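S.K.: Under the working numbering, think of the first position of the sequence shown as 341, with each following residue one higher.
Idealized CB from N, CA, C, for every residue including glycine.
Nothing here was measured: the structure is a model prediction, and the numbers come from that model.
I'd like to ask some things about the structure below.
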Amino acid sequence: MHSDDKHVPLSVFYIVKNADYKLEESLKSVSWADEIVIVDSGSTDRSVQIAEQCGAKVIHHEWEGYGRQKRFAEDQCSNPWVLNLDGDEVLSKELQHEIKNLSLHNDDIAFNMRWRDFWFTRMGHSKQRAKRRVRLYDRTKVRFRDHPSHDSVVVDKALVKKLDGFVIHYPFASLSHATEKINSYTDMTSSIRAKPPTTLELLTVFPMTFFKAYIFRRYFLCGMDGLVLSVVYAYQRFLRLAKTWERFAKEKQTENTA
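Here's what the structure looks like:
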């Protein structure tokens, strides 16, 4: 990255817990960055060891929720311009080259990039609708939301520029791994929902999420991988609501027996 032929230093930051599945590959894809910061919230696998071996600065910090944890990580970075990745995300060679050679202007504050999933046995189809996320930005001008479950950068979309390269996302090592991640994630998100779901929400969330993934996002182009992943995503959304219902039902039962 450069501005007026001057090098613009870049910090890359992660928040991790038990992310050794793809962490080393992810870190190698950003090894050229000026600084790599990893905020770990209690890993019991090889995540910390891998991070230290790859030259990252490791900071231990108790889990505060997605948005808040990322804001903490932003504050640990030495440079204004930052790139955020998760431990299961790897920059493609094209995106690495694009960021390294990016020409910044005075009005630049944020860039979004495309995501492509690598599923159980194959890469997502090139004709799928690629998600775009803001992950490269000037942290002195925009930041992640201060929210326990949502982790998006707060920025006016009109001010965001686009990069062409892909981030390759490896969400699950296996269905067993998917089940573990879903159970952990839904435990957290269901615990902070302010009200119980309605009967209609519980009835419709699974088919609507499946339809959105399989048809609208074109997962059907990816054969059995796309079918299975659509069901996995639908199950995750349903389980979050079902656990929320369970929490409120138990609280009500406790009140009635008190």
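Where are the alpha helix (DSSP H) runs, 4 residues long or more, that stay fully inside the region 518-563, in chain order?
M.R.: 539-551
S.K.: How about S387 and A373: are their beta carbons less than 8 Å apart?
M.R.: no
S.K.: Tell me the rounded alpha-carbon separation between E343 and S443.
M.R.: According to the sequence as given, residue 343 is Ser; it is not Glu. Computed Cα separation, rounded: 6 Å.
S.K.: What would DSSP say about F578, mapped onto helix, strand or coil?
M.R.: helix
S.K.: Should R479 and M453 be called a contact, given that it needs their Cβ atoms to be closer than 8 Å?
M.R.: no
S.K.: So which of Y354, M341 and A359 has the shortest CA-CA distance to F512?
M.R.: A359
S.K.: Relative to the C-alpha of K497, which residue among S489, H487 and V482 is closest?
M.R.: V482
S.K.: Start and end of the beta strand (DSSP E) containing R485?
M.R.: Note, R485: premise wrong, no beta strand (DSSP E); not H, not E.
S.K.: Can you name, in chain order, every residue of its own chain whose Cβ lies under 8 Å from the Cβ of S381, other than the five neighbours on each side?
M.R.: Excluding residues up to 5 positions away in sequence, I355, V356, K357, H400, H401, E402, W403 and Q409 lie with their Cβ nearer than 8 Å to the Cβ of S381 in the same chain.
S.K.: With distances taken between CB atoms, is the gap from S516 to R587 smaller than 8 Å?
M.R.: Pairing S516 with R587 gives a Cβ-Cβ distance that is not under 8 Å.
S.K.: What does a CB cutoff of less than 6 Å around P349 pick up in its chain, not counting 5 residues either side in sequence?
M.R.: D374 and N419
S.K.: Let me check understanding here. Comparing Cα to Cα, which of Q393, D345 and Y510 lies closest to K440?
M.R.: The option with the nearest alpha carbon to K440 is D345.
S.K.: Could you tell me whether the Cβ atoms of L431 and S371 are closer together than 8 Å?
M.R.: no
S.K.: Taking only three categories from DSSP, how would you classify K357?
M.R.: coil
S.K.: For A574, which residues in the same chain have their Cβ closer than 6 Å to its Cβ, ignoring the five residues on either side in sequence?
M.R.: F546, T549 and F550
S.K.: What distance in whole Å lies between the Cβ atoms of I449 and L499, which are believed to be in contact at a cut-off of 8 Å?
M.R.: 6 Å
S.K.: Excluding the 5 residues preceding and the 5 following N424 in the sequence, name in chain order all residues of the same chain whose CB lies nearer than 6 Å to its CB.
M.R.: F353 and R475
S.K.: To the nearest angstrom, report how far apart H487 and M564 are at their CA atoms.
M.R.: 35 Å
S.K.: In the DSSP assignment, find the alpha helix (DSSP H) that holds H437 and state where it starts and stops.
M.R.: K433 to K440
S.K.: Which of the three DSSP states, helix, strand or coil, is assigned to R450?
M.R.: Checking the sequence, you will find Ala at residue 450 rather than Arg. It is a strand residue.
S.K.: Which word fits L543, buried or exposed, when buried means at least 16 other C-beta atoms lie within 10 angstroms of its C-beta?
M.R.: With fewer than 16 other beta carbons inside 10 angstroms of its own, L543 counts as exposed.
S.K.: What does the alpha-carbon distance come out to for the pair A602 and T597?
M.R.: As shown, the chain starts at 341 and ends at 598. That puts residue 602 outside it, with no answer to give.
S.K.: Contact check, V379 vs A396 under 8 Å by CB: the rounded distance?
M.R.: Their Cβ separation, rounded to whole angstroms, is 10 Å, which puts V379 and A396 out of contact at 8 Å.
S.K.: Count the other CB atoms, across all protein chains shown, that sit within 10 Å of the CB of K362; report buried if there are 16 or more and exposed otherwise.
M.R.: buried
S.K.: Among W455, V571, L579 and F412, whose alpha-carbon lies nearest the alpha-carbon of P537?
M.R.: Nearest option by C-alpha distance: L579.
S.K.: Going by the CB atoms, is the gap between W585 and F506 shorter than 8 Å?
M.R.: The answer is no: Cβ separation not under 8 Å.
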